[in-house]
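Q: Note that full-length UniProt numbering has the sequence shown beginning at 1, numbered continuously upward. Beta carbons are placed, not taken as given, at the ideal position from N, Cα and C, and that holds for glycine. Here the structure is a predicted model, which means the values were calculated and not measured.
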Amino acid sequence: MLPIILVIDIATAVYAAFFGPYPSISLFDPTSYRILYLHVPLAWNMYFAFTLTFVFSLLYLIKSNQKHDLIAYYSTVLGTLYGLGAVICGMLWAKEVWNSYWSWDPRQTATLIALLAYTAYISLRKSIPDIERSRVVSAVFGVSAYVTIPLSYLSAVTFRSLHTQIPQQPLGFEVLILLGFRVVISFALFLMILREGIKH
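(1) If the criterion is Cβ atoms closer than 8 Å, does the pair Ser138 and Tyr73 meet it?
(2) Please confirm whether Leu178 and Ala16 have their CB atoms less than 8 Å apart.
(3) Would you be able to state if there are at least three C-beta pairs under 8 Å between the region 38-57 and the region 74-91?
(4) Out of Val7, Arg133, Thr12, state which residue places its alpha-carbon closest to the alpha-carbon of Phe181.
(5) Helix, strand or coil for Pro21 per DSSP?
(6) So, under 8 Å CB-CB, Phe54 and Val184 are touching, yes? Tell me the CB distance rounded to an integer number of Å.
(7) So, with DSSP's three-state summary, where would you put Asp9?
(8) What residue range does the alpha helix (DSSP H) around Ser134 cover?
(9) Ile198: which of Phe56, Pro106, Leu61 sits nearest, CA to CA?
(10) Grab me the residues of Leu36's own chain with a C-beta within less than 7 Å of its C-beta, minus the 5 sequence neighbours each way, in chain order.
(11) Helix, strand or coil: how does DSSP classify Gln165 here?
(12) Following the continuous alpha helix (DSSP H) through Ile88, name the residue where it begins and the one where it ends.
(13) At which residues does the alpha helix (DSSP H) containing Tyr47 begin and terminate?
(14) Would you mind sorting Gln108 into buried or exposed? The rule is 16 or more other CB atoms within 10 Å of its CB.
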């Protein structure tokens, strides 16, 4: 099933990025909106993955169940990969609408901080030779690092952000349908990869 979902995800991503419908926006090239078909699923999966890290790290600290530790770890690895993809897509979007790949916008900066925090989680885990201690320290870090997630999500509305200055135009029915499908397929792929990782 995993290979099938992977093929569907790649195929729909390629189609959406190059041929997908887009809203009619006059301020800049409307085709730039196609990056949302990649960016939104990546970003949502990142948030979901790091939420799983928080939940299962907390469960590990309470119950010391090795499976909880594995879920937290693989969620962190996947979340970091999805987050990296989301940041790259966001930079491409920023170049089109702000004429700069990076401007230290609150949302950009907060997301980068979150990504660095969870990258540190992986590095910290690998650096501790004692397995049990590594699991405990990772779990504590996984719980603590979650503060960066609401900060990333709320940064665009809490602080003065370029994100909030972009006119909120209706995307249109066709765009929403394809975007919704992309999110569902990407989410299904995430869950399947996570399940395979835990098995091994």
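A: Checking against the coordinates, here is how it stands:
(1) Looking up residue 138 in the sequence shown gives position 138. Looking up residue 73 in the sequence shown gives position 73. Against a cut-off of 8 Å, the Cβ pair of Tyr73 and Ser138 comes out as a contact.
(2) Numbered from 1 along the sequence shown, position 178 holds the residue referred to as residue 178. Numbered from 1 along the sequence shown, position 16 holds the residue referred to as residue 16. A contact, by the Cβ cut-off of 8 Å.
(3) When C-beta atoms of the region 74-91 are compared with those of the region 38-57, three or more pairs fall below 8 Å, so the two segments count as touching.
(4) Stepping through the sequence shown from its first residue, residue 181 is reached at position 181. Selection Val7, Arg133, Thr12 evaluated against Phe181 yields Thr12 as nearest (Cα-Cα).
(5) Here residue 21 corresponds to residue number 21 of the sequence shown, with the count starting at 1. Three-state DSSP puts Pro21 in coil, outside helix and strand.
(6) Counted from its first residue, the sequence shown places residue 54 at position 54. Counted from its first residue, the sequence shown places residue 184 at position 184. That belief does not hold up - the Cβ atoms of Phe54 and Val184 are roughly 23 Å apart, past 8 Å.
(7) Numbered from 1 along the sequence shown, position 9 holds the residue referred to as residue 9. Helix, per DSSP.
(8) Within the sequence shown, residue 134 is the residue found at index 134, counting from 1. Looking at the DSSP string, the run of the alpha helix (DSSP H) that includes Ser134 is 131-144.
(9) For the purposes of this step, residue 198 is taken as the residue at position 198 of the sequence shown. Ranking the options by Cα distance to Ile198, first place goes to Phe56.
(10) On the sequence shown, residue 36 is found 36 positions in, with the first residue counted as 1. Correct list, in chain order: Leu179.
(11) One-based indexing of the sequence shown puts residue 165 at position 165. Any answer about Gln165 is weak, because its pLDDT of 45 lies below 50 and its placement is not dependable; what the coordinates show is given next. Here Gln165 sits in helix by DSSP.
(12) By one-based count along the sequence shown, residue 88 stands at place 88. First-last of the alpha helix (DSSP H) with Ile88: 66-98.
(13) In the sequence shown, residue 47 corresponds to position 47, counting from 1. From DSSP, the alpha helix (DSSP H) with Tyr47 extends over 36-63.
(14) Residue mapping note: residue 108 aligns to position 108 of the sequence shown, counting from 1. It is buried - the Cβ of Gln108 has at least 16 other Cβ atoms within 10 Å.
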